[in-house]
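**Student:**
Protein chains: 2
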Amino acid sequence: MSAARTLAAYVGAFVDELAKNGLSHAVISPGSRSTPLALALEAHPKLRVWMHVDERSAGFFALGLAKATGKPAALLCTSGTAAANYFPAVVEAKLARVPLVVLTADRPHELRDVGAPQAIDQLGLYGTHVKWFSEMAIPEASEQLLRYVRTAAGRAIATASGGPMGPIHLNFPFREPLLLDLSSPDWYRQGERADAYVRVMEGNRGIGKREVERLAAACNGKRGLIVCGPQDDSDLPTAIAELADVTGFPVLADPLSGLRRPGQGEKILDSYDAFLRTSEAKTALVPEVVLRFGAMPVSKTLTQYLSTYSDVLQVVVDPYGGWRDPVLTAAEMVYADPVTLAQALTATVRARASKEWGHTWQRLDEMARAAMVREAERQELSEGRVISELVDLLPEHSLLFVGNSMPVRDLDSFLIRPQKLIRTMANRGANGIDGVISTALGASFSFERTALVIGDLSFYHDLNGLLAAKLHQLNLTIIVVNNDGGGIFSFLPQAEGSSSASFERLFGTPLGLDYEPAVRMYGGRFTRVKSWNDFREAVGGSLEDGGLHVVEVPTVRSVNVAMHRERWNHVSVDVEQYLQKEAPTWK
Amino acid sequence: MSAARTLAAYVGAFVDELAKNGLSHAVISPGSRSTPLALALEAHPKLRVWMHVDERSAGFFALGLAKATGKPAALLCTSGTAAANYFPAVVEAKLARVPLVVLTADRPHELRDVGAPQAIDQLGLYGTHVKWFSEMAIPEASEQLLRYVRTAAGRAIATASGGPMGPIHLNFPFREPLLLDLSSPDWYRQGERADAYVRVMEGNRGIGKREVERLAAACNGKRGLIVCGPQDDSDLPTAIAELADVTGFPVLADPLSGLRRPGQGEKILDSYDAFLRTSEAKTALVPEVVLRFGAMPVSKTLTQYLSTYSDVLQVVVDPYGGWRDPVLTAAEMVYADPVTLAQALTATVRARASKEWGHTWQRLDEMARAAMVREAERQELSEGRVISELVDLLPEHSLLFVGNSMPVRDLDSFLIRPQKLIRTMANRGANGIDGVISTALGASFSFERTALVIGDLSFYHDLNGLLAAKLHQLNLTIIVVNNDGGGIFSFLPQAEGSSSASFERLFGTPLGLDYEPAVRMYGGRFTRVKSWNDFREAVGGSLEDGGLHVVEVPTVRSVNVAMHRERWNHVSVDVEQYLQKEAPTWK
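So the sequence lines, in the order shown, correspond to chains C and G. Mind the numbering: the first sequence is residues 713 to 1299 in the numbering used here, read in order. Mind the numbering: the second sequence is residues 713 to 1299 in the numbering used here, read in order.
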């Protein structure tokens, strides 16, 4: 067999097995050493290839594809610093539990650590931040090596998509010549089996009847709470709503939990971040048991509330044996499938919480929501209201992606009682401001319409990501909340504790950039709005048109802080008055 | 002591000790967890702080500062993916031997691996790509911890700047509150000594007299060559020129060796890349001994020539015990200071190579040079000639930074017999196309005038880097050779070995971007030139004005390949004719 046919058979078997195991997308950055895999991915009939020049953006783009589909996406780059550019996306994927198959081309052994060009130490490059690393063999087309490479491909997909999902890394040494002979029609079929080479099945973790009974007993008739943080299981919202009905427990539903949706029921609360700020509410609402699902919620107020009651039975449910408890208040860790567990508890719990318990939470939630909405409506171009305005404009089943720092907190405050089903997403693994545009673009492929709300620093950080919109004709409306700098820092003690010059220099970091020309460079349309009418027109129009649109909402950091504080003050006043009048009797 | 004063004393002692050990520059990206170090770096009277929002660009900017000054630069970012964004610059710094002090803020132990926001595993984050990693203690201001933190700072600088220079990483866990009390005038002077806390001295490696004599004997009267790759020791060019005089060995001088300079002497050759392509030259020029200094040269032709003569005594000199020999032809590795060694050999060698040996190399070099210049002069806006035009325009002592892929190869071909002293630089550690703008901007601070020659893909990759020019009013003239895609791939077998559609898609990767608006966004001036007259006017004007200027030279990939091949053909014809007429007699 010629070298070019050997190479084709080896990489062909590999990419074919990726496809047979359900991979559909590969994001490739140009390079020479990666030629064999690039040509094979491009030529395989079942794979779609996305080119992206900047590997950092490419990494996040693949992350977005995988987040939206729930299935692994592949990444391919050449040797050298190209691979190091994937690191931020890999870190995010590990913590956010998103399946990625990272393929890096490498020099063969004889060109390593001897000063050869573009040769860096790629073994274990991502350290503890991948679920699996393997250094692949030098390509051969023997029967054994075809078995090996098909097994490795199947295992890569299984490991990336097994719980908890996450990134894996395979490093491929290639010797020159790097060209493939793809002339034989079965170049990718060597050593194949009819279906996947190895079929991988993964069992669900359930827990025993006795344990369920014990947990149910701890809930019976108690002042309980259900907390549901960011999570992706589409069956969980219903299971939790049913559990809430049976237990009478209010559900504190994170904006990324999937629970904030049309007809969500009174027990599903969404404005707790506002009313739990008041010490009266925090003191009055003494729980006896807390059931926690999903990752840690966005709300810092909720975190502080939970850590206040560290001696209360707090149960953390995780299907995959993580330890998602930064407040360190968990008394029980339950490693079991959340839906199965919630259903089992629903079937077992026998006594509901007192009416007053649920009623108080619901009243406070309604009150906070009303005050927040009332205040937001009075204000022109405030940051938070962007979310509610956007939800009004987005068609059903759209994706609303939010950046970290302020936008995700605004989503928490203003994604309230939505009248349509909107999928929400954010990069909440490591909460970075990097790669957000690219992740949203990758995810946008799975939705008819996608909107991204992002701050100006985060927008600047991933400007390069916009290239994908141009190259691949994607539909994305980006709302840039532009307060010319790092708005979130104005909420921190640093804002008062350092001199205003060094605060502005180190934290405010105004960039003074007009993004319009950059957006145009990538073929997007840019609109700077001055009023909510402008906003509705620009966003509405963009959603009709499709393509890339950037709508800038200029705001002022100090005004924003003042608005938020004013809103919270109004909520406080209402909450305090209510609690004074109708003091709960359970204490 | 209040918590804020304790924290100030601890981080104050640390940054003070960095300064006392010679650190002058710190590049900071905004964040909350890093507040203590950010405020301390900003407030210390001897340190200059550079803000940069994108940590990837910040990393390369610090790399540039350190490359140009030869002294460590510090980096500081907050916890999370921010730190992962430094990875490409860290990898480059390790391989290019550039001193970097990477400081990352981290959550304290109780917030790690429990789902806390922006908490990732930062221990050993950069793996084998740093020289030293240390997890720092939780701040205290005890006498022992002040000794500890001063020692750590001194050791950080000593390790980064000890040979081979490179990056080190310190990870700082900080607990809230994060504010410092800087009201005491001696906040940074706790535990100080008059000078550095520990003075670190590093000896030079010399080799014994007997070994020098043995090496000199191997050179006496032999057909020898000196190869000098990229290196930064400003004393080495003179030492090598003297060694060349005594031995009669031609010197193949890489464009990044510092040897191509006014009055470089006939023995210092710069056009070998062109004439060593011809098999006649390769066959005729049989060496008996090769002395190699510096990193591996840029010229692939030279690499191939060296590997042809793998049975010849090839001696690789490295001051720091590396293994810079990708051709695997070294018979001797000499770990000794190159200047000391060259001077010792100069003093010991007793017989020169035959005149004919040196003469043949010089004639071929002149001939190749003449043909290259002649061909370049006939051509409008060819890629290579950019270098020679630029050298004409740049003032003495300017910096000429080149990107990887084509520009550094063009520098190799066209930085010939310069009539003025121009410092050359490139990122030749990992040869990445990433971070090039930022590295050049960081380096530009040490020069009156700096020009960067870069391809369009590499320019796109680090567009964010331009922000530093705006924020810090730096002077940089960027020449973007825009062939709309990856020009170097057209020289590879992939260009012929794959279908033209998939070649263009996977390797050509045309982006179709007009960079003018993006450059304007960063406050730069943009000029697209159509002729060499335009070029001279635009570049000349930019060097007078200062500030950020981007001059685009549009070229066509296929034309460029044809031009290069035509030039090489002309050289071949001349070389073959010469070697047929005047066949060397040493065979």
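All residues carry an ideal CB built from backbone N, CA and C; glycine is no exception. Quick caveat, the model's predicted, so the values are computed rather than measured.
1) Do three or more CB pairs link the stretch 855-866 of chain C to the stretch 773-780 of chain C at distances below 8 Å?
2) Any idea if Arg-1269 of chain C is buried or exposed, counting beta-carbon neighbours within 10 angstroms, 16 or more meaning buried?
3) CB-CB under 8 Å to Tyr-1234 of chain G, same chain, minus the five flanking residues each way: which ones, in chain order?
4) Leaving out five residues before and five after Asp-947 of chain G in sequence, what residues of the same chain have Cβ atoms less than 8 Å from its Cβ?
5) Excluding the 5 residues preceding and the 5 following Ala-805 of chain G in the sequence, name in chain order all residues of the same chain whose CB lies nearer than 8 Å to its CB.
6) Applying the 10 Å Cβ sphere with the 16-neighbour rule, what's the burial state of Thr-816 of chain C?
7) Within 8 Å, do at least three Cβ pairs link the stretch 1186-1197 of chain C to the stretch 1248-1262 of chain C?
8) Taking all protein chains shown into account, do 16 or more other C-beta atoms lie within 10 angstroms of the C-beta of Leu-749 of chain C, making it buried, or fewer, making it exposed?
9) Do the stretch 1268-1285 of chain C and the stretch 1082-1091 of chain C make contact, defined as three or more Cβ pairs closer than 8 Å?
10) Just curious, the alpha helix (DSSP H) that Leu-719 of chain G is in, first and last residue?
11) Bridge partners for Leu-812 of chain G per DSSP, in chain order?
12) Just to confirm before moving on: does the CB-CB distance between Gln-1055 of chain G and Ala-951 of chain G stay below 9 Å?
13) Quick one: using the 10 Å Cβ neighbour count with 16 as the cut-off for buried, is Asn-1272 of chain G buried or exposed?
14) Nearest by alpha-carbon distance to Gly-1197 of chain C: which of C:Glu-1208, C:Ser-1211, C:Ala-1207 and C:Glu-1216 is it?
15) Within 10 angstroms of the Cβ of Lys-843 of chain C, are there 16 or more other Cβ atoms? Answer buried if so, exposed if not.
16) Counting only beta-carbon atoms, is Tyr-984 of chain G nearer than 9 Å to chain C?
17) Leu-997 of chain G to Ala-1274 of chain G, Cα distance in whole Å?
18) Kindly identify the DSSP beta-bridge partner or partners of Phe-1113 of chain C.
19) Go to Trp-844 of chain G, then tell me how far its beta strand (DSSP E) extends in each direction, as first and last residue.
20) In angstroms, rounded to a whole number, what distance separates the CA positions of Val-802 of chain G and Leu-837 of chain G?
21) Using a Cβ-Cβ cutoff of less than 7 Å, which residues in the same chain neighbour Val-1039 of chain G once the five nearest sequence positions on both sides are dropped?
22) Decide if Ser-854 of chain G is buried, meaning its Cβ has at least 16 other Cβ atoms within 10 Å, or exposed.
23) What separation, rounded to the nearest whole angstrom, lies between the Cα atoms of Ala-930 of chain C and Val-1061 of chain C?
24) Assuming Arg-973 of chain C and Asp-982 of chain C make a contact with CB atoms under 8 Å, what is their CB distance in whole Å?
25) Taking three-plus beta-carbon pairs below 8 Å as touching, is the stretch 1096-1114 of chain G in contact with the stretch 757-764 of chain C?
26) Assess contact between the stretch 784-794 of chain G and the stretch 1141-1153 of chain C, defined as three or more Cβ pairs (one per stretch) separated by less than 8 Å. Is contact present?
27) Nearest to Leu-788 of chain G by CA position, among G:Leu-1133, G:Val-739 and G:Ser-769, is which residue?
28) Per DSSP, Trp-1035 of chain C is paired with what?
29) Using three-state DSSP, classify Met-763 of chain C as helix, strand or coil.
30) Is there at least one Cβ from chain G nearer than 9 Å to Ile-1191 of chain C's Cβ?
31) Starting from Asp-1196 of chain C, find everything on chain G with Cβ-Cβ shorter than 7 Å and list it in chain order.
32) Are the beta-carbon atoms of Gly-960 of chain C and Gly-936 of chain C separated by less than 9 Å?
33) Kindly list the residues whose CB is nearer than 7 Å to the CB of Asp-985 of chain C, restricted to its own chain and excluding five residues on each side of it in sequence; keep chain order.
34) Can you give, in chain order, each stretch of the beta strand (DSSP E) that sits fully within the stretch 980-1011 of chain G and has at least 3 residues?
35) Taking DSSP as the reference, what is the three-state secondary structure of Leu-1175 of chain G?
36) Nearest chain C C-beta to Arg-1036 of chain G closer than 9 Å, yes or no?
**Tutor:** Taking the geometry as given:
1) no
2) Arg-1269 of chain C is classed as buried because its beta carbon has at least 16 other beta carbons within 10 Å across all chains shown.
3) Leu-1178, Leu-1179, Ala-1181, Lys-1182 and Leu-1260
4) Val-1051
5) Leu-775, Ala-778, Pro-811, Leu-812, Gly-878, Pro-879 and Gly-1141
6) With 16 or more other Cβ atoms inside 10 Å of its own Cβ, Thr-816 of chain C counts as buried.
7) yes
8) buried
9) yes
10) 715-732
11) G:Ala-785 and G:Pro-879
12) Judged by beta-carbon spacing, Ala-951 of chain G lies within the 9 Å limit of Gln-1055 of chain G, meaning their Cβ atoms are closer than that value.
13) buried
14) C:Glu-1216
15) buried
16) no
17) 28 Å
18) Per DSSP, the beta bridge partners of Phe-1113 of chain C are C:Met-1137 and C:Leu-1164.
19) 844-847
20) 11 Å
21) Closer than 7 Å at the Cβ level, and outside the excluded window around Val-1039 of chain G, lie Thr-1015, Leu-1018 and Ser-1019.
22) exposed
23) Ala-930 of chain C and Val-1061 of chain C have their alpha carbons spaced roughly 9 Å apart.
24) Rounded, the Cβ-Cβ distance is 10 Å, inconsistent with contact.
25) no
26) Contact between the stretch 784-794 of chain G and the stretch 1141-1153 of chain C is present, because at least three Cβ pairs lie under 8 Å.
27) G:Val-739
28) According to DSSP, Trp-1035 of chain C bridges with nothing at all.
29) Strand at Met-763 of chain C.
30) no
31) Here the premise fails: no neighbours, minimum Cβ distance about 12 Å.
32) Yes, the Cβ-Cβ distance between Gly-960 of chain C and Gly-936 of chain C is below 9 Å.
33) Excluding residues within five positions, the ones whose Cβ falls inside 7 Å are Ser-1011, Thr-1013, Leu-1014, Asp-1124 and Ser-1125.
34) 1001-1005
35) helix
36) yes
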